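Student:
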Amino acid sequence: MNALYLTLLLPLSGAVLLAVVRSPLVAGWLNVGICVATFSASLVMALGVLANGPFLTGNSMFYIDAFNVYLVVLTTFVGITTAVFSRPYMTYVLSEGWVKRKRMRLYHSMYQAFLLTMLLALTTNNLGILWVAVEGATLATVLLVSLYRTPESVEAAWKYFVLCGVGIAQALFGTVLVYFAAAHVLHLPETGLQWTTLHAVASQLDPTVMSIAFVFLLVGYGTKIGLVPLHNWLPDAHSEGPTPMSAVLSGLLLNVALYAVVRCKMLVDPALADPAWDNPQLAGYLMMGFGLLSFMVAGLFLHRQQDIKRMFSYSSIEHMGLMTFAFGVGGPLATFGALLHMTVHSLTKSAIFIAVGHATHIAGTQAIDKIRGLIKTQPAVGWGLLLGTAAIAGFPPFGVFMSEFLVLTATMQSWPWLTLVLLSGLAIAFAGLFRNIHPMVYGAVPEGQVPVKANMIPVAVHLLIVLWLGLAIPDFLANWFDQATLLITGSHFL
Amino acid sequence: MTGWLLALVQLALFVLGAPLLVIWVKRVKCFLQNRRAPSMLQPYRDLGKLFRKQVVLAENASQLFRMAPYIVFAAMVLAAFTVPLIAIQLPTAAIADMLVLVGFLAIGRFFITLAGMDVGTAFGGMGSSREVSLSAFAEPAMLMVIFTLAMTAQSTNLSSVMQYLIDVGLVLRPSLMFALLGMLLVAVAETGRVPVDNPATHLELTMVHEAMILEYSGRHLAMMEWAAQLKLMIFGALVVNIFFPWGLATEFTLVAIAIGIAAMIIKLAVLGVVLALSETVLAKMRVFRVPEYLNLAFLLALLGALSHIILEVGV
Amino acid sequence: MAIDFALAAVLAALGSSLVSTAAHKVPSVLRYLAFPLLAVSGAAATVAGFMVMGNGEVLVTTLPVGLPWLEWQIRVDVLSALFLTIIGIVTFAVAIFGPGYVREYEHGQHPLAQLGIFTGLFITGMLLVVMANDAFLFMIAWELMSLSSYFLVMFHHEQAANRRAGFLYLLMAHVGGLAILLGYGVLATFGDGFSFDAMRAAPLTPLWASVAFALTFVGFGMKAGLVPLHAWLPEAHPVAPSHISALMSGVMLKVAIYGFIRVTLDLIGDVHWGWGVVALLIGSISALLGVLYALQQNDLKRLLAYSSIENIGIIFLALGMALVFLGTGLPKLGAIALVAALFHTFNHAIFKSLLFLGAGNIVQRTHEQNLERMGGLLTRLPYTGFFFLIGCMSIAALPPFNGFASEWLTFQAALQAAELKNGVLRALIPFTAAMLALTGALALACFVKAYGVAFLGQPRSRRVRHARKTAYGMRFAQGLLATICVLAGVFPNVVVNLLDTIPRMLTGTGLQSATTQGWLWLTPVAPGVASYSAPLVLVGILVTWLIAWWFSHPRGARSVRRGPAWDCGFGPLGPTMQYTSTSFAMPIRRIFAPVWGIEEKIERQVDEYGLRVSRLSHQQRVYDRSWAALYEPIARWVQFAARRVSRLQQGNIRVYIAYSFFTLLLLLWVIS
Amino acid sequence: MNIVDFSLQEQMVLLIAALVLFTSFALLAQQRMLASIHVFAWQGALVAGATALIAAVYDQPHLYFSAALTMALKALFMPWMLHRLVNRLGIQHHVETVVRPSLILLAAAALVVFSYYVALPIEKLSLLSTRNTIAISMAVVLLGMLMMVSRRQAVSQVIGFMSIENGLFFAAVVSTHGMPMVVELGIAFDVLVAAVLFGVFFLQIRDSIESLDVDRLNRLSETRLVESVREAEE
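Residue numbers (our numbering), protein chains in the order written: chain A, 401 to 894; chain B, 1254 to 1568; chain C, 117 to 788; chain D, 153 to 386.
Below, the structure written as structure tokens:
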């Protein structure tokens, strides 16, 4: 329990502390340190869960089960590596004079605040708090997107803010409706937003209200996931914000939003299962539709990118689409694959964004057609980018392949003809990625392009973990996935 | 034992008799064109003279250039080994079937064309280029003929085929008619006779075979020439003995063999007359007309195969 | 025991890639450590293969990695064993050849570490593919093979053309991989489980069986380079370092063949003769187009790559026949066709690697890849010249070399078509056999051109004129492969006996009478029907040669005088007067003109009277029609779609809000 | 059941609901900046009033607190802040030209019908008298979005956004007697921060494009990007 509170309090105190630390260098190190502390705390908590199962605490305010525990660890872990990367990167940014020292404080403090909201959203047991946290994540990051104060960045931030605000407002309406539905089943409304309570009585909730609620929730959190056509803020925010921000946005925020949707789906499915209701699969179908649409459209977008960070943000949309689709398909196999995909995608994608940060540093621009011959200039960065792209494109033996393999097989079993669509989508996305990556990493070096001081250890670590997951899933992780699958689909996979 | 002996005798007949067929055709042509003909021994005299002469090699001729004549000759001799001339069911017949025969011809072609390119003269290259291009059409046609026969006789073994045709006696098979026509066209092309090629000229626009062996002299040239004559003989024997197998000795008695030899001489003589006639009335065609000619051969052979499948065996 | 050898081979290959990581510090580690390890791996694989083929056992084990519910399953049966042997032999040869070849890379900016690492991974991947016993490991190994070979193709990534080739290769490999994945998905769905054993047991409806076949045919065909999915192959193979080209063309394509056989004959099991017809037609088309394109290439390695397409076509032709026979209940004939296909697979692996190594030798010595600038190499690189000649004779299917033996078997199988009930098939198979004959003749033309232009005549460029002698290792590697060509050609019975175990395992019937007449006679159907005695053929040739030489050779006096070439009295000879590669292929180009896209440009300058041609230049480009036919339309469509989609996001935030607004309305309307 | 059966307070709640809906219409129709801020303030006040009323009727003490909160935030603080900003940006007399205002009002009416149609099945199980308020609040939300779509002014967009939040509050209050306290606080906190951030952004936008016309925030667009590159190539 205490480990859990520690996990939440550390970033909170960090946010406060870093707001007052003046020297960027110190702040950078502190940032890393706090992240490490948070990570170790979360690790302890995870071990606790591993030892004696899920638990409910803080008069059932927090709930840790197999579904969110590994996401918590993942979040804190990516938090560390990104912090490690952001320290030298932000000093470079500072030296370039893109930001003032004062804003560095904002940056570091908000970095911690963002982590806090992520962790809160994951660990809370209360749908309302979940909403508050997700909205809080927007608020924490929106100023970071416009950190450089360029017209583009301000515009991106505004779009991010307004679109996510509107979306999230719809999610709140959905939450209200859920509460409304719950109020008729259990008569002490204070607990009416607690996920555990709701999940217990989910099958009695009124299907009509729940279906409407799910529509609002899906559109709301879906905006955060970046589902087409609600995705428009995502590429802008990723491409204009500082690169560490892009890394955590892609790696964590999207995951958390998806997590929220899945939690809601877990409430809606039993409710819709009641015989009076004609379409029990509704939630699944909606998610499949959105997922497939995002998947295909994002794949096509990849072909027309000029900005490297923008490109990878589209690739994030594509993968989130795939996960949403997989969760929508339901069934143990697909769900297991989707859970695995959440992990490997966030690891790989954050690694890629770190590599991209170094690449843009080397080339001094984000324009794809200005970045050339990375492998010759700085082999570490070039290979990091190349291997990361190969991994995200689903090449074995990287873990992304394994998850996609599972999802495809699941689709094969339930929706054979959709696999063709998925495959063509994968091929299109693949071509889109590599046609841009290829000239960047290979080829002759433009004059004046010199190596920079880059710390590729985070990338290496991430990719190694992804590789490991591709070769062999450790048992405890497999068990967590399996229990989560059990929670979500009601049947074991292993 | 007698079988092997007989095989050697037949081989000797092949090798030694090859020049005779050539000169026979030449004499008939001379007769048809009212020219004085050389004596029947002329080709032997030529070969002997070439064997005695010293070889003049181009400076940059490689080892391959010197080996080629022997390999080509050897390939032809082996081919001759497998073609029944006077008797069938010889032990040598089993060494190689018709497909391998085609393979032997291919060996010869491979090395003669390489030899043509070795010295690096324009003529040699031209000859080789044309040779391989033309044979690229002749070979499939020939194989189609072989398929037709093989499917008829259920065997690709020459002597088995002939045995089969002798046993069933005279049957009017449309397939064999087409096959014969195709085979004739192919034979003319493969042996470099009019209208495909003209052994008698050295016109750079027309020559194929001669262009490749331009640089040869002395015994090398003799080998090449002899191999060419042997090739003619082989094709002659193929045509007459496959399509008119009667008279071939089936058991190894003196009588049968005597009959076999006599039949062989008569059949080849007739073929020679036919060849001479055709060469007298036909004119050499342009090199790029030849593919059409060979396509005709291929078409005929294909018709043969199809008519066998459609007309001769019920489904 | 054998399986230990096989795993040892994998480990050695991995080890070689590990030690190569040191190569960017110490370049020589590649020569002294990495390649020897590869040699060990190759030897081990070969030994394992022979052991298993010898006693026809089936070895199974699992490795403690992979999915939690599905560990990596390893299975070595005779089919895997054959391909283990192929991989092993070629790897061994390459490992011998490599050190001499990469030496020149050690000076200069070449990323040797990359070369070594991915060579090792590449071979690891191939070994694992043929040893895999579940779809998951298969796919991992398969893509490992593709990915690492892609990195090897990108070894010389400075030229834009090579980058394009690499991208295309990766894309096609990925698409093919996805198709295979889907095919396995079908099998796994019916056989609940990714393990091959489950898939074997899968009760497939004919429709789904055909779907699975189609998917795997496309996937493996894409890797094997079947027309029209071949476009990547002639781009990618030549740009890799030559010993890698040897591995790719010689072995990787065979791995695709392995996959095809494994899935169709082993996993799906009961085949339908219609599949055979498809394979038959595609195969014969690939063979013909492949050789026609090969004939028009002036780049030696491109020529070899296209000829790989041809041979793959021949193999698939034979496989198609096997499927037809098996599908119509003639297992005996199916066995003949299958053995022919496998035999040709083996042969092509050997002689194509031999030829690529020879090409690599030339490239390394002369830094020329263009036939138009070669010539006269036989006198300069005698060993290479000799071995290359053997390779050419084998690939041109001349007796008594191995290429002939396998094509002979293929023909024999085709000639048994008469036993088929279906008249159309009876007519179809001889016709494809005729296509095969045409292909063979053209192949002969192609390799006469290649050998004649490269090794004979006079050198056409300075570098070629001063080509120096080669390293011993490189000679030895070529010599080894050449020897195997001769042996496999002269003693086909031995090989056929080994291969015979494979149809026995897959279909239960083998070649009864292939070698009943003893080691001397090969009689696939029956002695009376067809027989071929390669040893006697060889002896015959040699004996006649000797006799002829002995008789004709004069005693004593100097019998040979060197003099200027006669050349009908023209002369003196210059290298520019020779027939070039382009001109050599001209007649065939003219005859088959519609097959290629040909751009020809002739510029002539005449003097002021317009009588004398003072300058004449002729430029010509022969390009692959499959581009315009298949690839460009797809690319155009994707571009079009992307352009359309990008309208979705045109920057105005109000439009974005409207999106989510209308999405909401739509959904609400849908659910209520 | 029919409205006449309701107690007076319940009738008042329904009346307030109607007024809230009316204010949304007014916001849509209102084109003058200051005026729309005032309307927004009234809406906030009405929501607060409704909360207080509910608290009184069904005596839910904690609702008083949230009523106060709403009053403070929605009716006082935000209008005041917007007011200040508008003055500071010098657009207090800005009149926004909405294209086809009548059409938009028509659409708004249609939206009300639509949300009623959507919420129709819900009311079956509503124990409360205030059942149709779900439809009303949904309509308010949708109208807010419609406003955001139809207005080019950043400020009026924010007002639209805030009115959406009002709709949410209203729904929460009248349909379920308010959320749990902690959630209420969290939401309020978020809204507060959001309001501040909006203020920050007005200035930032103003600095970057010398105006608050969101239509001019169109640098980041797929089509634009591609074109710009094409120009570069030419």
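The beta carbon of each residue, even a glycine, is placed where N, CA and C say it ideally should be.
These numbers come from a predicted model, not from an experiment.
Could you work out which residues of chain A lie near residue 273 of chain C, taking near to mean beta carbons separated by less than 7 Å?
Tutor: Those within 7 Å of residue 273 of chain C in chain A are 842 and 843.
Student: Where DSSP assigns a beta bridge to residue 716 of chain C, which residues make up the other side?
Tutor: DSSP, once it has assigned bridges, lists C:736 as partnering residue 716 of chain C.
Student: Just verifying my parser: in three-state terms, what is the DSSP assignment at residue 705 of chain A?
Tutor: In the structure shown, residue 705 of chain A sits in coil (DSSP, three-state: anything other than H, G, I, E or B).
Student: Under a three-way DSSP split, which group does residue 382 of chain D fall into?
Tutor: Only weak support is given to the placement of residue 382 of chain D: the predicted model assigns it a pLDDT of 46, under 50, and the question is left unresolved by the model.
Student: Use the C-beta contact count for residue 703 of chain C: other C-beta atoms within 10 angstroms, 16 or more gives buried, fewer gives exposed.
Tutor: Flag for residue 703 of chain C reads buried.
Student: Give me the DSSP bridge partner(s) of residue 191 of chain C.
Tutor: Residue 191 of chain C is bridged to C:176.
Student: I want to verify the contact list: residues of chain C whose CB lies under 8 Å from the CB of residue 1410 of chain B, in sequence order.
Tutor: What residue 1410 of chain B touches in chain C: 644, 645, 646 and 647.
Student: Per DSSP, which one or two residues make a beta bridge with residue 463 of chain A?
Tutor: Note: residue 463 of chain A sits in a beta bridge opposite A:456.
Student: Just how far apart, CA to CA, sit residue 1568 of chain B and residue 380 of chain C?
Tutor: For residue 1568 of chain B, the predicted model reports a pLDDT of 45, less than 50, meaning its position is unreliable and no value from the coordinates is stated.
Student: Starting from residue 679 of chain C and walking both ways along the alpha helix (DSSP H), at which residues does that stretch end?
Tutor: From DSSP, residue 679 of chain C is part of no alpha helix (DSSP H) but of the beta strand (DSSP E) over 676-679.
Student: Per DSSP, residue 526 of chain A is paired with what?
Tutor: For residue 526 of chain A, which the question treats as bridged, DSSP gives the partners A:594.
Student: Anything in chain A within Cβ reach of residue 213 of chain D, meaning under 8 Å, just list it in chain order.
Tutor: Ordered by position in chain A, no residue passes the 8 Å Cβ test against residue 213 of chain D, which lies about 13 Å from the chain.
Student: Measure the alpha-carbon distance for residue 1386 of chain B versus residue 1360 of chain B and round it to whole angstroms.
Tutor: If I take the Cα positions, the gap works out to 15 Å.
Student: To which residues of the same chain is residue 520 of chain C closer than 7 Å at the C-beta, ignoring the five residues directly before and after it?
Tutor: Correct list, in chain order: 513, 514 and 605.
Student: Cutting at 6 Å between CB atoms, please list the residues of its own chain near residue 637 of chain A, excluding the five before and the five after it.
Tutor: So the qualifying residues of the chain are 545, 556 and 560.
Student: Determine the closest residue to residue 524 of chain C out of C:501, C:552, C:565 and C:499, with distance taken between C-alpha atoms.
Tutor: With distances taken between Cα atoms, residue 524 of chain C lies closest to C:552.
Student: Note down, in chain order, every chain C residue with its Cβ under 9 Å from the Cβ of residue 567 of chain A.
Tutor: The answer, in chain order, is 776.
Student: Taking only three categories from DSSP, how would you classify residue 789 of chain C?
Tutor: Any question about residue 789 of chain C goes unanswered here, given that chain C covers just 117 to 788.
Student: Name, please, each residue of chain A whose Cβ falls closer than 8 Å to the Cβ of residue 309 of chain D.
Tutor: Correct list: 562.
Student: Got a sec, what are the start and stop residues for the beta strand (DSSP E) residue 1308 of chain B sits in?
Tutor: Where residue 1308 of chain B is concerned, the enclosing beta strand (DSSP E) stretches over 1308-1311.
Student: Going by beta carbon distance, what residues of the same chain come within less than 8 Å of residue 322 of chain C, once the five residues before and after it are set aside?
Tutor: The residues are 388.
Student: State the CB to CB distance for the pair residue 179 of chain D and residue 299 of chain D, rounded to an integer number of angstroms; the pair is presumed to be in contact (CB under 8 Å).
Tutor: 6 Å between Cβ atoms; contact.
Student: Looking at residue 1297 of chain B: is its Cβ nearer than 8 Å to the Cβ of residue 1476 of chain B?
Tutor: It is not a contact, given that the beta carbons lie outside the stated cut-off.
Student: How about residue 570 of chain A: is its C-beta nearer than 8 Å to some C-beta of chain C?
Tutor: True, the Cβ-Cβ gap to chain C drops below 8 Å.
Student: Are any of the Cβ atoms in chain A nearer than 8 Å to that of residue 761 of chain C?
Tutor: It does; some Cβ of chain A falls within 8 Å.
Student: In angstroms with no decimal places, state the Cα-to-Cα distance between residue 424 of chain A and residue 780 of chain A.
Tutor: About 27 Å.
Student: Would you check if the stretch 1333-1346 of chain B and the stretch 1259-1274 of chain B touch, i.e. whether three or more CB-CB distances between them fall below 8 Å?
Tutor: With a cut-off of 8 Å, the stretch 1333-1346 of chain B and the stretch 1259-1274 of chain B count as touching, because enough Cβ pairs lie within range.
Student: Using the rule of at least 16 other Cβ atoms within 10 Å of the residue's Cβ for burial, across every protein chain shown, is residue 242 of chain D buried or exposed?
Tutor: Looking at its Cβ environment, which holds fewer than 16 other Cβ atoms inside 10 Å, residue 242 of chain D is exposed.
Student: Where does residue 451 of chain C sit, in a helix, a strand or coil, going by DSSP?
Tutor: In the structure shown, residue 451 of chain C sits in a helix (DSSP, three-state: H, G or I).
Student: Assuming residue 1525 of chain B contacts residue 1274 of chain B (C-beta within less than 8 Å), just tell me the rounded distance between them.
Tutor: At roughly 6 Å, the Cβ-Cβ gap stays under 8 Å, so residue 1525 of chain B and residue 1274 of chain B are in contact.
Student: Would you report the Cα separation of residue 1374 of chain B and residue 1442 of chain B, rounded to the nearest angstrom?
Tutor: Approximately 24 Å, taken between the alpha carbons.
Student: Let me know if residue 846 of chain A comes out buried or exposed under the rule of 16 or more other beta-carbons within 10 Å of its beta-carbon.
Tutor: With fewer than 16 other Cβ atoms within 10 Å, it is exposed.
Student: Quick check on DSSP: helix, strand or coil for residue 730 of chain C?
Tutor: Strand, per DSSP.
Student: Assuming contact is defined by CB atoms lying nearer than 8 Å, are residue 842 of chain A and residue 272 of chain C in contact in what I supplied?
Tutor: No. Outside cutoff.
Student: Residues of the stretch 566-580 of chain C with a CB closer than 9 Å to any CB of chain B: list them in chain order, please.
Tutor: Hits within the stretch, in order: 567, 568, 569, 571, 572, 573 and 574.
Student: Taking Cβ positions only, does residue 346 of chain D come closer than 8 Å to chain A?
Tutor: Chain A contact via Cβ: present.
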